[in-house]
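Numbering (my numbering), first residue to last: 149 to 239.
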């Protein structure tokens, strides 16, 4: 039987998992993160941590796992930002 809340939960989970992947790929290919806001990336990271904590309290696996994926992609983006910006300053 079709469950609307499960459908939208699944869609949200999948979209959260791939949310920053195109940006990570573009940064990797161009070796540049100049136009990416550090504050935005930190915001994504903090929001993901808060959602994970919330998901644990309400025992919602989709909330937890989609935000774990977002936490990982946010962390990768922050590392890229730090690495490529430092590299650009040395040139």
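Even glycine gets a Cβ: it sits at the ideal position worked out from N, Cα and C.
Same chain, Cβ closer than 8 Å to residue i, neighbours up to 5 away in sequence not counted
i: residue 176; result: 228
i: residue 184; result: 171, 175, 225, 229
i: residue 193; result: 219, 222, 223, 226
Same chain, Cβ closer than 6 Å to residue i, five either side skipped, listed in chain order
i: residue 231; result: none
i: residue 237; result: none
Close Cβ partners of residue i (< 7 Å) along its chain, the five nearest in sequence each way excluded
i: residue 196; result: 215, 218, 219, 222
i: residue 179; result: 232
Coarse secondary structure for residue i, derived from DSSP in three states
i: residue 154; result: helix
i: residue 179; result: coil
i: residue 168; result: coil
Nearest-angstrom Cβ-Cβ length linking residue i and residue j, presumed shorter than 8 Å
i: residue 199; j: residue 161; result: Actually they do not touch by this definition, with Cβ atoms about 12 Å apart.
Where are the alpha helix (DSSP H) runs, 4 residues long or more, that stay fully inside the segment 184-226, in chain order?
Counting only runs of 4 or more, we get 186-206.
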